[in-house]
Amino acid sequence: MATQHSRSAARLMMTPAVVLLLGWMLVPLLMTLWFSFRRYLPLRGGDLGWAGFDNYVRFVTSSAFWPSVQTTLILVGGVLAITIVLGVLLALLLDQPMWGQGIVRILVIAPFFVMPTVSALVWKNMFMDPVNGLLAHLWRFFGAEPVAWLTDVPLASIVLIVSWQWLPFATLILLTAVQSLDSEQLEAAEMDGARPLSRFAHIILPHLGRAITIVVLIQTIFLLSIFAEIFVTTGGAFGTRTLTYLIFQRVLESQNVGLGSAGGVYAIILANIVAIFLMRIVGKNLDR
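Under the numbering used here, the first residue of the sequence shown carries the number 201, and numbering increases by one thereafter.
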């Protein structure tokens, strides 16, 4: 057992790391709070004094706020639906014995290591370009008119790009859960005459409940701050402006740091609401 002296020594050695981590998190947060109450316009006079809650009122009452929140939630929900459904299917497929199984798993995981900006550029120029993109050539091959993805269905296109990036992560987590499943349960169910769909619904899917919850929690935290894919593809146009992108426009394009900081506080509040809701779901699943 650890003695009081060893515990004190451990706390002492951990103190610099804890202080650095707290400073790393608290300093930007406090600066955001400070600027959110200031009228700070870098190119139009700098700090023009105290603004109170004016920035918060202006940001939440702007015509772009609620559409950006709606776009953010649609983007997150769409990506989660695609990655979880396809992730479960891929995990079940990769768990089956096949030739070159290791190579196939590496290929499935590969998109997760591609930088978001590079991924968005590849999809934009190589796949979704309405003139020279691979999808355009495929459409013409079948005698159909090519689709201008990023102007006709922009939000769905971004959901597709982001889903391609996050599908490997979901597949890895779910594959680990599938491999931990007791094969004797499936064999017993098969011997009792249970059909594959029944075995999936009553044995495999409940076993994947915790893994699916973890995937939803982790992906949601990152998806709420999606930016690079939108910046590279649509620039926030055609109804693809998320809350994060709206904050970017207010700070850098409009040069209104105070207004953008107020938007950052709203984004933190939204992220915490979603995180608390998801943590409750995680806790319920882990207690089962």
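Ideal Cβ placement from N, Cα and C applies to all residues, glycine included.
Beyond the five residues adjoining it in sequence on each side, residue 444 comes within less than 6 Å, by CB distance, of 425, 427 in the same chain, given in chain order.
With respect to the 7 Å criterion, residue 338 and residue 417 are not classified as neighbours on the basis of their beta carbons. The way I'd put it, the stretch 329-337 does touch the stretch 347-357; three or more beta-carbon pairs between them come closer than 8 Å. Straight-line measurement puts the Cα of residue 303 at about 39 Å from the Cα of residue 439. Residue 239: member of the beta strand (DSSP E) spanning 238-241, first to last residue.
Its chain contains 462 as the residues whose beta carbon lies nearer than 6 Å to that of residue 256, once the 5 sequence neighbours on both sides are disregarded; these appear in chain order. Closest in C-alpha terms to residue 460, from the list 238, 280, 343, 373, comes 238. Taking a C-beta distance under 7 Å as the contact criterion, residue 268 and residue 442 qualify as a contact pair. Here the alpha carbons of residue 468 and residue 433 stand approximately 25 Å from one another.
By the Cβ rule, the stretch 402-412 does not count as touching the stretch 444-459, because fewer than three pairs are nearer than 8 Å.
Taking residue 399 as reference, the option from 234, 431, 292 with the minimal CA-CA separation is 292. Excluding the 5 residues flanking it on each side, residue 471 has same chain C-beta neighbours closer than 6 Å at 424, in chain order. C-alpha of residue 419 to C-alpha of residue 412: approximately 11 Å in a straight line. Per DSSP, the continuous beta strand (DSSP E) segment holding residue 249 begins and ends at 246-250. Here residue 247 has 238, 239, 240 as same chain residues with Cβ atoms under 8 Å from its own Cβ, once five neighbours each way along the sequence are excluded.
A buried status is given to residue 294, since no fewer than 16 other beta-carbon atoms sit within 10 Å of its beta-carbon.
Cβ-Cβ separation between residue 287 and residue 397: approximately 19 Å, too far for a contact (criterion under 8 Å).
Cβ neighbours of residue 326 within its own chain (closer than 7 Å, five residues either side excluded): 333, 334. By alpha-carbon distance to residue 244, the top candidate from 451, 475, 476 is 451.
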